[in-house]
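Asker:
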Amino acid sequence: MDWINAIVQGTLLGGLYALFAAGLSLIFGVMRLVNIAHGDLIVLAAYLGLTLSTALGIHPLLALGLVVPIMALLGYALQRGILNHTLGDDILPPLLVTFGLSVILQNGLLEIYSADPQKLQAGAIETASLRLGELALGYLPLLMFAASVAIIAALQWMFYHTALGRAFRATSDRQDVAQLMGLNRAHVFGLAMALALAVTAVAGVFLGIRTSFDPSIGGGRLIFGFEAVIIGGLGNIWGTLAGGVILGIGQSLGAQINPGWQVLAGHLVFLAIIAIRPRGLFPRMDG
Amino acid sequence: MPMSEPILAISGLDAHYGDFQALFGVSLTVEPGEVLAIIGANGAGKSTLMRSICGLIRNAPGAIRFRGEAIGGLRADQVAARGIALVPEGRLLFASLSVEENLIIGGQMGRPGPWSLARIYELFPILRERRRVPATELSGGQQQMVAIGRALMANPGLLLLDEISLGLAPVVIKAIYEALPGIVGGGMAAVIVEQDIARALSVSARVYCLQEGHVALAGNSGDVTREAIAAAYFGM
Ligand SMILES: Nc1ncnc2c1ncn2[C@@H]1O[C@H](COP(=O)(O)OP(=O)(O)OP(=O)(O)O)[C@@H](O)[C@H]1O
Ligand SMILES: [Mg+2]
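Residue numbers (this note's numbering), protein chains in the order written: chain A, 1 to 287; chain B, 1001 to 1236.
What follows is the structure, given as C-alpha cells:
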C-alpha cells in the first residue's frame, strides 16, 4: 500500500514538474533559447504570490489572477528588452545572459525577502483529502495536478490549432521565412516568453503552496524542469507531462526507500532513461 | 518606356554579406503590372537582389523604393506588410506546417485582394487534395505550388519568384509556367529570376542581366539579341 501511495503522490508531484518543464520546452522549441534563469523565475513567481496574497489578504490561488499577467508582461519585456539581442548563430550569449539573470534574481530576492523560508498559506484545503480505501489524496495536490494537465492540454491545443501556435511553429522552422510572412520575429519571441512565464507563474504559486521556498531553490527547480523535458523528449508538449510524472514517481519511490534519497532517485531515473533513449521517450519525429 | 511611376525603383544598390560585397550599384525599375526577368550566371547576385528587395538583407533606405516609399532599411516583415512577397529559391516551406497551414500563414497579414485559399485551390487543385499533408512530404512540383500559393495568399502588389523551376522535371516546369499568366496581371507586378533564358524572355516584357553583382544588360525582352545576352552573361 505504501508503494502504491508513493506512486500516486509521485504522479501528483509530477504535474508540478511538468509545469516547470512546459515553459522551458516552449521557449526552447520556438527560439532555441536555453533559459538558465527559469528556476529563479519560478521562485520569483512564488514570492510575487506571497506578496500579493498577504498584501491584499487574498487566497494564493486567487492571487494567480495577478501573478500570471504580471509574469507574462515581465516575460514579454525581458524578451524584447534583453534576450532578443542575445539570440543569433552563437548559442553562448543567451546562456551567459540568462545565467547572469539567474544570479541577479537570486540576489534581488535575497535582498528583499531574506533567506528565511516562506510558504504560501492555502488554508483549510491544504489538509482536506479524498479517501480511496487506504489511500488519502489531498484535494490540493489533486486540484493542482488537474490544473497542470489542463494547462499542458491547452498549450498543446494552442500550438497545433491556433494562429499563434502556427506562428510559433513557423518561426521555429525558419525564422527568416517566417519574417517574409509578415511575422515580426522579435514580437513572436516576446509572445512565446510571455506565455512561458504565464505557465511559470502557475508553477511558482503551486510550488509555494506545496512546499516552503527561499531565494536559493531556483537551481534545483531548473534541473527538475530540464530532466522532465529531456525524459519526455525535446519539443513534445505531452512528453513534458510524461517526463514530469516519471521524475515525480522516481523521486517519491526513492523517498519511500529512504527519505534522503528523493532527489538522488529522480536523477538516477533521468540518467537511466537517457542512457537507454538519448532522445527521450517521445522525441518529435523531425527533431 | 511607360510613363507611369514605377512600382519598384532600385538605385545604386550595394549589398554585402559581412565583408563580401555581392551587389554593386544595381539600379532597376519595375512598372505596375509588368513582368520583369532577371537572368545571370550562378553567383551573379540574383538571389541577393531578391533578398534585398524583400528585406532579408537590410540596405540603405533610399536604395529601394516601393510605391514611392523608401523601404531599403525596413525589416522583412515590414516589407511584406507593404505588399511584396517572395517565392524563395529552394521553396523553403515550413516543415512543421501542413500544406493548408503553409498557405494560411502566407495570408496571415490579412491584406485584401483577389487571392484566397479557395482561389489557390482552384489554381492548383492537387493542393486541396493534399491539404492535410505536411508540406515537405509533397513532390518537388507540388511543393513549388505551395510556395507560390503561400506568396499569393499575401495578395502582394509585387511578386518575386526566385528560380521556381529549380530541380523540377520539364513537364512540371511547363505546368507551373502555364499557370503564370493567371497569376500575374490584374495589377500585380512580378520579378522572375530564371536560369532558362528562353523561358525568361518569353514570359517577361523586360529583362536585366546581372554579372558579378553588376547590371550588365537591360532591355526589352523582345529586342535583346543572343550576342548581347551572351556578352552580358559571361562578360565576354
Ligand atoms: N549567405 C551568404 N554569405 C556569404 N556570401 C554569400 C551568401 N549568399 C550568397 N553569397 C555570395 O554572394 C554572391 C551572389 O550570390 P547569389 O546567391 O545572390 O547568386 P545567384 O545569382 O542567386 O546564384 P544562383 O544562380 O546560384 O542562385 C555569390 O558569390 C555567393 O557566393
Ligand atoms: Mg540564386
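Every residue, glycine too, gets a C-beta built ideally from N, C-alpha and C.
Beta-carbon separation of I96 of chain A and L44 of chain A under 8 Å?
Answerer: Residue 96 of chain A is actually Leu in this sequence, not Ile. No, Cβ-Cβ distance for L96 of chain A and L44 of chain A is not below 8 Å.
Asker: Looking at the secondary structure, which residues open and close the alpha helix (DSSP H) in which D176 of chain A lies?
Answerer: Segment 175–180, the alpha helix (DSSP H) holding D176 of chain A.
Asker: Compare the C-beta of S1096 of chain B against all C-beta atoms of chain A and say whether one is closer than 8 Å.
Answerer: It does; some Cβ of chain A falls within 8 Å.
Asker: Cβ atoms of R169 of chain A and F159 of chain A: under 8 Å apart, would you say?
Answerer: Cβ distance < 8 Å, so F159 of chain A and R169 of chain A count as in contact.
Asker: Using a Cβ-Cβ cutoff of less than 6 Å, which residues in the same chain neighbour D286 of chain A once the five nearest sequence positions on both sides are dropped?
Answerer: Legend: pLDDT at D286 of chain A = 42, less than 50; position of this residue unreliable, value from coordinates given subsequently. No residues qualify anywhere along the chain.
Asker: Go through the residues and name those whose CB comes closer than 7 Å to any heavy atom of ligand 2, in chain order.
Answerer: That gives B:K1046, B:S1047, B:E1089, B:D1162, B:E1163, B:V1193.
Asker: Less than 8 Å between CB atoms is the rule here; does L87 of chain A satisfy it with respect to chain B?
Answerer: Judged by the 8 Å Cβ criterion, L87 of chain A is not in contact with chain B.
Asker: So E975 of chain B contacts chain A; which residues on that side make the cut at Cβ distance below 7 Å?
Answerer: Because chain B in this structure spans residues 1001 to 1236, residue 975 of chain B falls outside the shown range and cannot be described.
Asker: Quick check on the DSSP output: the alpha helix (DSSP H) that includes I249 of chain A runs from which residue to which?
Answerer: That run of the alpha helix (DSSP H) goes 237–257.
Asker: Could you check if Y1208 of chain B belongs to the surroundings of ligand 1, using beta carbon to heavy atom distance under 7 Å?
Answerer: Because no heavy atom of ligand 1 lies under 7 Å away, the Cβ of Y1208 of chain B does not count as near it: no.
Asker: For the beta strand (DSSP E) containing A1151 of chain B, list its first residue and its last residue.
Answerer: Per DSSP, A1151 of chain B belongs to no beta strand (DSSP E); it is in the alpha helix (DSSP H), 1140–1152.
Asker: Terminal residues of the continuous beta strand (DSSP E) containing A45 of chain A?
Answerer: Here A45 of chain A belongs to no beta strand (DSSP E); instead the alpha helix (DSSP H) covers 38–56.
Asker: Whole alpha helix (DSSP H) runs in the segment 110–196 of chain A with 4 or more residues, listed along the chain?
Answerer: Taking only runs of at least 4 residues, the alpha helix (DSSP H) segments lying wholly in the segment 110–196 of chain A are 139–161, 163–173, 175–180.
Asker: Name the residues in the segment 155–189 of chain A whose C-beta lies less than 8 Å from a C-beta of chain B; which are they?
Answerer: The residues in question are A163, R166, A167, R169, A170, S172, D173, R174, D176, V177, A178, Q179, L180, M181, G182, L183, N184, R185.
Asker: According to a CB-to-CB cut-off of less than 8 Å, which residues of the segment 1038–1063 of chain B neighbour chain A?
Answerer: Those would be C1054, G1055, L1056, in chain order.
Asker: Applying a beta-carbon distance threshold of less than 9 Å, which residues of chain A neighbour A1022 of chain B?
Answerer: None at all; the shortest Cβ gap to chain A is about 16 Å.
Asker: By Cβ distance, which residues of its chain are closer than 6 Å to G39 of chain A, with the 5 residues on each side in sequence left out?
Answerer: So the qualifying residues of the chain are G218, G219, R221, L222.
Asker: Taking the alpha-carbon of V1193 of chain B as reference, which of B:S1047, B:A1015, B:G1043 has the nearest alpha-carbon?
Answerer: The candidate whose alpha carbon is nearest that of V1193 of chain B is B:S1047.
Asker: Check the Cβ-Cβ distances between Q1143 of chain B and every residue of chain A, and say whether any is below 8 Å.
Answerer: Not an interface residue.
Asker: Please name the residue or residues paired with D1162 of chain B in a DSSP beta bridge.
Answerer: DSSP lists B:V1193 as partners of D1162 of chain B.
Asker: Give a yes or no on whether 8 Å exceeds the smallest Cβ distance from A1080 of chain B to chain A.
Answerer: It does; some Cβ of chain A falls within 8 Å.
Asker: Under a three-way DSSP split, which group does M1 of chain A fall into?
Answerer: Note: M1 of chain A maps to coil in three-state DSSP.
Asker: Grab me the residues of A1151 of chain B's own chain with a C-beta within less than 7 Å of its C-beta, minus the 5 sequence neighbours each way, in chain order.
Answerer: Correct list, in chain order: A1085, L1086, V1087, G1106, L1159.
Asker: Any idea if D90 of chain A is buried or exposed, counting beta-carbon neighbours within 10 angstroms, 16 or more meaning buried?
Answerer: The residue in question, D90 of chain A, is exposed, as its Cβ has fewer than 16 Cβ neighbours within 10 Å.
Asker: Check whether the Cβ of A960 of chain B lies closer than 7 Å to any heavy atom of ligand 1, and answer yes or no.
Answerer: This structure does not reach residue 960 of chain B, given that chain B is present from 1001 up to 1236, and the question cannot be answered.
Asker: Give me the Cβ distance between M1 of chain A and A201 of chain A, rounded to the nearest whole Å; I'm assuming they're in contact under 8 Å.
Answerer: That belief does not hold up - the Cβ atoms of M1 of chain A and A201 of chain A are roughly 36 Å apart, past 8 Å.
Asker: Measuring alpha carbon to alpha carbon, tell me which residue in A:L195, A:G235, A:A275 is nearest A77 of chain A.
Answerer: It is A:L195.
Asker: Taking one C-beta from the segment 115–132 of chain A and one from the segment 45–59 of chain A each time, how about it: are there three or more such pairs within less than 8 Å?
Answerer: As far as the Cβ criterion goes, the segment 115–132 of chain A touches the segment 45–59 of chain A, which means the pair count is three or higher.
Asker: Once the 5 residues before and after I209 of chain A are set aside, which same chain residues still bring their CB inside 7 Å of it?
Answerer: Around I209 of chain A: P60, L120, A122, L140.
Asker: Find the residues of chain A that neighbour R1075 of chain B, judging by a C-beta separation of less than 8 Å, and give them in chain order.
Answerer: By Cβ distance, chain A contributes Q179, N184.
Asker: Under 8 Å between the Cβ atoms of A46 of chain A and V205 of chain A?
Answerer: Yes, the pair counts as a contact, with Cβ atoms nearer than the cut-off.
Asker: Determine whether the Cβ of L1086 of chain B lies closer than 8 Å to any Cβ atom of chain A.
Answerer: Chain A, which has a Cβ nearer than 8 Å to the Cβ of L1086 of chain B, makes this yes.
Asker: So if DSSP puts R1119 of chain B in a beta bridge, which residue, or which two residues, is it bridged to?
Answerer: In the DSSP output, where bridge partners are listed per residue, R1119 of chain B has none listed.
Asker: Measuring straight from C-alpha to C-alpha, what distance separates F1020 of chain B and E1212 of chain B?
Answerer: If you take the alpha carbons of F1020 of chain B and E1212 of chain B, they lie about 12 Å apart.
Asker: What do you reckon, is the C-beta of F1020 of chain B under 7 Å from a heavy atom of ligand 1?
Answerer: Flag set: Cβ of F1020 of chain B near ligand 1.
Asker: Check for me: the alpha helix (DSSP H) holding A1052 of chain B runs from which residue to which?
Answerer: A small correction: the amino acid at residue 1052 of chain B is Ser; Ala does not occupy that position in the sequence shown. Where S1052 of chain B is concerned, the enclosing alpha helix (DSSP H) stretches over 1046–1053.
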